[in-house]
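Going down the list, the sequences are from chains A and B.
According to the working numbering, the residues represented by the first sequence are 1 to 334, in order.
According to the working numbering, the residues represented by the second sequence are 1 to 182, in order.
Using N, Cα and C, we set each Cβ at its ideal position, and we do this for glycine too.
Treat the numbers as computed from the prediction; the structure is a model and nothing was measured.
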Amino acid sequence: MKDINILSIETSCDETSIAIVKNGVEVVALTILTQMDTHANFGGVVPEIASRMHAENITMVLEETLNKAKMTVEDCDAIAVTYSPGLLGSLLVGIEFAKVLAYVYNKPLIKVNHLIGHIYANKIGDNLKFPCLALVISGGHTELIKMTGDYEFEKLGETQDDAIGEAFDKVARVIGLKYPGGPNIERLASEGKDTYKLPIPVNDNTYNFSYSGLKSSVINLVNNERQRGNEIRKEDLACSFQTTAVDELKRKLELALKNTNIKNVIIAGGVSANKYLRSELATICQKYNATLDLPEFIYCTDNAAMIGAAAYPLFIKGEFADLDLNAESNSQIC
Amino acid sequence: MNLFIDTHLNDVIIILSENGRIKKEKKILNEKQNSKIIMPLIKKMLNNEIPESIIVVNGPGSFTGVRLGVTIAKTLAYTLKIPIYTITSLECMALNVGEEDKIVGFSDKNGYYIGIFNDEYTLVGEYEYLSNAEFEEFSNKYNVILDIKINYEKVINYALTKDSINPHIVNPIYIKKIDVEK
Numbered sequence: 001m002k003d004i005n006i007l008s009i010e011t012s013c014d015e016t017s018i019a020i021v022k023n024g025v026e027v028v029a030l031t032i033l034t035q036m037d038t039h040a041n042f043g044g045v046v047p048e049i050a051s052r053m054h055a056e057n058i059t060m061v062l063e064e065t066l067n068k069a070k071m072t073v074e075d076c077d078a079i080a081v082t083y084s085p086g087l088l089g090s091l092l093v094g095i096e097f098a099k100v101l102a103y104v105y106n107k108p109l110i111k112v113n114h115l116i117g118h119i120y121a122n123k124i125g126d127n128l129k130f131p132c133l134a135l136v137i138s139g140g141h142t143e144l145i146k147m148t149g150d151y152e153f154e155k156l157g158e159t160q161d162d163a164i165g166e167a168f169d170k171v172a173r174v175i176g177l178k179y180p181g182g183p184n185i186e187r188l189a190s191e192g193k194d195t196y197k198l199p200i201p202v203n204d205n206t207y208n209f210s211y212s213g214l215k216s217s218v219i220n221l222v223n224n225e226r227q228r229g230n231e232i233r234k235e236d237l238a239c240s241f242q243t244t245a246v247d248e249l250k251r252k253l254e255l256a257l258k259n260t261n262i263k264n265v266i267i268a269g270g271v272s273a274n275k276y277l278r279s280e281l282a283t284i285c286q287k288y289n290a291t292l293d294l295p296e297f298i299y300c301t302d303n304a305a306m307i308g309a310a311a312y313p314l315f316i317k318g319e320f321a322d323l324d325l326n327a328e329s330n331s332q333i334c
Numbered sequence: 001m002n003l004f005i006d007t008h009l010n011d012v013i014i015i016l017s018e019n020g021r022i023k024k025e026k027k028i029l030n031e032k033q034n035s036k037i038i039m040p041l042i043k044k045m046l047n048n049e050i051p052e053s054i055i056v057v058n059g060p061g062s063f064t065g066v067r068l069g070v071t072i073a074k075t076l077a078y079t080l081k082i083p084i085y086t087i088t089s090l091e092c093m094a095l096n097v098g099e100e101d102k103i104v105g106f107s108d109k110n111g112y113y114i115g116i117f118n119d120e121y122t123l124v125g126e127y128e129y130l131s132n133a134e135f136e137e138f139s140n141k142y143n144v145i146l147d148i149k150i151n152y153e154k155v156i157n158y159a160l161t162k163d164s165i166n167p168h169i170v171n172p173i174y175i176k177k178i179d180v181e182k
């Protein structure tokens, strides 16, 4: 069969990224322009500034990607774009840009869900085997999903309140760490010990998660210690928080491994870049003789390659979008 | 044939012009979901023809509105390898007032965008965004011309006399401050 090259675009948050992905598994070229340094000045992503920077840079990001691939848009078989979930203004830049490419070059347009993109990041290098358990962990999501085939999802459980990444960011702010909070907590935690006693989030037999109670107890602990004039051992608090947060994932993943007898596990989403989390989940999988597949580090955070990988099954099925495609700030995997 | 795109507020205005005259024109007023209609409309109007140039209104106005029009225009110019020209929303208005010095403006509900132009339609100083209260004070002192009826043929022909711009650096002008800039 002829190779299928998909030109894919991701602008859902603060990364302008364009990739060319071959047959859904091989990255021909990938460019990621991150705005992280700009937003760090404001302590978090400023949606209007993110949208502005996407619009300023997107044609140049395309040019760079085509140069790396030594290809033209004409050489590609389809244009894929993230349409949801994400920041509306940012998504819209990528969507309008994608529509123009699809129109000018007369290529099919494929709309891709950003979270499904994170799951399909595992397809790069062909590590997505079915059936599998997918743990989607990011700044906006904490979900445990069972997949029985391409685009066949069944939600086992999800967070009842905050997402795990959100909890990392908020705890980081409370203990005075800079944006982005997640990586900074991880760095600090590696220098500390798990000495602070924090409550266990959801100790039940569902696959649901909860992070708001854990987050609040860290905030309360910091406030109480400050009132008493006690110094907070930041490294230890970061370590205790990270340990408790990851334990919650471990417990629920273990429950699913035990109950479903599925032997393939994947992790998806920005929080999967956390190395402590990776090694802890690997230990649980080992215990159940399951293989844990992780996207390569570069495909964990937002990138267009995963969008190209997730677009491929839709291309094969012929599920194409029209030029009236709109952005959606929220949407579910299933 | 030239393609003109103006999405700086809630209206979507797409015009095709040829030899200095308007050939096709479509205005969709008060559109809430610009992104759903702009590209289908451009496709329908172009009807498989390739424009020889693009003119885009690059603001000031609604942030998202301007950004949609500009992103589409610069990507079309870049991919079709055709020249792109920009004209501001306030230039469009100034062109349609007489040749004397003038202050033109328009409202976006929360305030007014204004620009001072000389007799050659050149901006004097910088564009300003005034809150409704500031505008009331300002308009007591100066005559600001509002609600200007725009002759798009004139606008397009004027824009085409400008220098074309590298599509990579065609960007919206925003003027109005966002919270983090205040």
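A:Lys-197 at chain B interface by Cβ criterion, 7 Å: Numbered from its first residue, the first sequence carries residue 197 of chain A at position 197. Judged by the 7 Å Cβ criterion, A:Lys-197 is not in contact with chain B.
May I ask you to list the residues that DSSP assigns as paired with B:Gly-69? The count along the second sequence starts at 1 and reaches residue 69 of chain B at position 69. Beta-bridge pairing links B:Gly-69 to no other residue.
Can you tell me the Cα-Cα spacing of A:Gly-149 and A:Asn-261, whole angstroms? Walking along the first sequence from the start, residue 149 of chain A turns up at place 149. Walking along the first sequence from the start, residue 261 of chain A turns up at place 261. Cα-Cα distance, rounded: 16 Å.
Touching by the beta-carbon criterion (3+ pairs, under 8 Å), the segment 200-210 of chain A and the segment 244-252 of chain A: yes
Using a Cβ-Cβ cutoff of 7 Å, what residues of the segment 52-76 of chain B are near chain A? List them in chain order. Phe-63, Thr-64, Arg-67, Leu-68, Val-70, Thr-71, Ile-72, Lys-74, Thr-75, Leu-76
Are the segment 172-183 of chain A and the segment 120-129 of chain A in contact at 8 Å, needing three or more beta carbon pairs? no
Chain B contacts from the segment 82-106 of chain A (Cβ-Cβ distance under 7 Å): Gly-89, Leu-92, Val-93, Ile-95, Glu-96, Phe-97, Lys-99, Val-100, Leu-101, Tyr-103, Val-104
If you reduce the DSSP assignment to three classes, tell me which class B:Arg-21 lands in. What you label residue 21 of chain B is simply residue 21 of the second sequence in a count that begins at 1. B:Arg-21 falls in the strand class under three-state DSSP.
Would you check if the segment 25-36 of chain B and the segment 52-59 of chain B touch, i.e. whether three or more CB-CB distances between them fall below 8 Å? no
In this structure, does DSSP put B:Thr-88 in helix, strand or coil? Translated into the one-based positions of the second sequence, residue 88 of chain B becomes position 88. Here B:Thr-88 sits in coil by DSSP.
At least one CB of chain A closer than 7 Å to the CB of B:Pro-83: is that the case? As a first step, residue 83 of chain B must be located in the second sequence, where it is residue number 83. No, no contact with chain A.
Closer than 9 Å, Cβ to any Cβ of chain B: which residues of the segment 322-334 of chain A, in chain order? Asp-322, Leu-323, Asp-324, Leu-325, Asn-326, Ala-327
Nearest-angstrom beta carbon gap, A:Gly-117 and A:Asn-310 [assumed within contact, 8 Å]: Here residue 310 of chain A is taken as the residue at index 310 of the first sequence, counted from 1. Here residue 117 of chain A is taken as the residue at index 117 of the first sequence, counted from 1. Reading the sequence as shown, one finds Ala at residue 310 of chain A and not Asn. Contact flag correct, Cβ pair sits at about 5 Å.
Look at the alpha carbon of A:Pro-201 and the alpha carbon of A:Asp-162, and state the distance between them as a whole number of angstroms. In the first sequence, residue 201 of chain A corresponds to position 201, counting from 1. In the first sequence, residue 162 of chain A corresponds to position 162, counting from 1. In a straight line, the C-alpha of A:Pro-201 is about 11 Å away from that of A:Asp-162.
Please compile the residues from chain B whose C-beta is within a distance smaller than 8 Å of the C-beta of A:Thr-59. Mapped onto the first sequence, residue 59 of chain A falls at position 59. Those within 8 Å of A:Thr-59 in chain B are Lys-74, Thr-75, Tyr-78, Pro-167, His-168.
Just confirm the distance between the C-beta atoms of A:Ala-239 and A:Ala-189, as a whole number of angstroms; I'd bet it's less than 8 Å. The residue given as residue 239 of chain A occupies position 239 in the first sequence. The residue given as residue 189 of chain A occupies position 189 in the first sequence. Per the sequence shown, the amino acid found at residue 239 of chain A is Cys instead of Ala. That pair is a contact at about 4 Å.
contact_flag[the segment 86-95 of chain A, the segment 264-280 of chain A] where n(CB pairs < 8 Å) is 3 or more: no
Could you name the residues of chain B that A:Glu-48 contacts, counting a contact when the two beta carbons are closer than 7 Å? As a first step, residue 48 of chain A must be located in the first sequence, where it is residue number 48. Under the 7 Å cutoff, chain B gives Phe-63, Ile-178.
Distance, Cα to Cα, A:Val-21 vs A:Ala-305? Residue mapping note: residue 21 of chain A aligns to position 21 of the first sequence, counting from 1. Residue mapping note: residue 305 of chain A aligns to position 305 of the first sequence, counting from 1. Between A:Val-21 and A:Ala-305, the C-alpha separation is close to 6 Å.
If A:Thr-65 and A:Ile-18 are in contact, beta carbons under 8 Å, what's the gap, nearest whole angstrom? Numbered from its first residue, the first sequence carries residue 65 of chain A at position 65. Numbered from its first residue, the first sequence carries residue 18 of chain A at position 18. At roughly 4 Å, the Cβ-Cβ gap stays under 8 Å, so A:Thr-65 and A:Ile-18 are in contact.
Top-ranked residue by Cα proximity to A:Lys-99, from B:Lys-74, B:Ile-84, B:Leu-130: Counted from its first residue, the first sequence places residue 99 of chain A at position 99. Closest by alpha carbon: B:Lys-74.
Applying the 10 Å Cβ sphere with the 16-neighbour rule, what's the burial state of A:Ser-279? Counting from one through the first sequence, the residue named residue 279 of chain A turns up at place 279. That one is exposed.
I'd like to know whether the C-beta of A:Ala-69 is nearer than 7 Å to at least one C-beta of chain B. On the first sequence, position 69 is the one that residue 69 of chain A refers to. For A:Ala-69, the answer is no, since every Cβ of chain B falls outside 7 Å of its Cβ.
Cβ shell of A:Gln-160 (< 6 Å), same chain only, five flanking positions each side left out: In the first sequence, residue 160 of chain A corresponds to position 160, counting from 1. Excluding residues within five positions, the ones whose Cβ falls inside 6 Å are Asn-208, Ser-210.
Cross-strand partners of A:Glu-10 (DSSP beta bridge): In the first sequence, residue 10 of chain A corresponds to position 10, counting from 1. DSSP lists A:Ser-17 as partners of A:Glu-10.
Could you check the C-alpha separation between A:Glu-166 and A:Val-246 for me, to the nearest Å? Here residue 166 of chain A corresponds to residue number 166 of the first sequence, with the count starting at 1. Here residue 246 of chain A corresponds to residue number 246 of the first sequence, with the count starting at 1. One C-alpha to the other measures close to 14 Å.
On the DSSP letters alone, give me the boundaries of the alpha helix (DSSP H) that A:Lys-68 sits inside. The residue you call residue 68 of chain A lines up with position 68 of the first sequence. From DSSP, the alpha helix (DSSP H) with A:Lys-68 extends over 47-69.
Beta-bridge partners of A:Thr-142, as assigned by DSSP: Walking along the first sequence from the start, residue 142 of chain A turns up at place 142. Note: A:Thr-142 sits in a beta bridge opposite A:Ile-137.
With respect to the alpha helix (DSSP H) encompassing A:Ala-311, which residues constitute its N-terminal and C-terminal limits? For the purposes of this step, residue 311 of chain A is taken as residue 311 along the first sequence, with counting starting at 1. Start and end: 305-317.
Reducing DSSP to helix, strand and coil, say where A:Tyr-276 ends up. Position 276 of the first sequence, counted from the start, is the residue given in the question as residue 276 of chain A. Helix.
Proximity test, Cβ basis, 7 Å: A:Ala-55 and chain B: Counting from 1 along the first sequence, the entry for residue 55 of chain A is found at position 55. Yes, its Cβ sits closer than 7 Å to a Cβ of chain B.
Just to check my reading of the structure: A:Lys-256 and A:Leu-133 have Cβ atoms closer than 8 Å, yes? What is that Cβ distance to the nearest angstrom? Along the first sequence, read from residue 1 onward, the residue named residue 256 of chain A stands at position 256. Along the first sequence, read from residue 1 onward, the residue named residue 133 of chain A stands at position 133. The sequence given here has Ala at residue 256 of chain A, not Lys. That pair is a contact at about 5 Å.
Relative to the C-alpha of B:Leu-9, which residue among B:Lys-23, B:Thr-88, B:Ser-17, B:Leu-41 is closest? The residue labelled residue 9 of chain B in the question sits at position 9 within the second sequence. For B:Leu-9, the nearest C-alpha among the options comes from B:Thr-88.
Classify B:Ala-6 as helix, strand or coil using the three-state DSSP reduction. Here residue 6 of chain B refers to the residue found at position 6 of the second sequence. Note that residue 6 of chain B is Asp in the sequence shown, not Ala. B:Asp-6: strand per DSSP, three-state reduction.
If distances are taken between C-alpha atoms only, which option among A:Phe-168, A:Thr-195, A:Asn-122 comes closest to A:Cys-300? Taking the first sequence and counting its residues from 1, one reaches residue 300 of chain A at position 300. The candidate whose alpha carbon is nearest that of A:Cys-300 is A:Asn-122.
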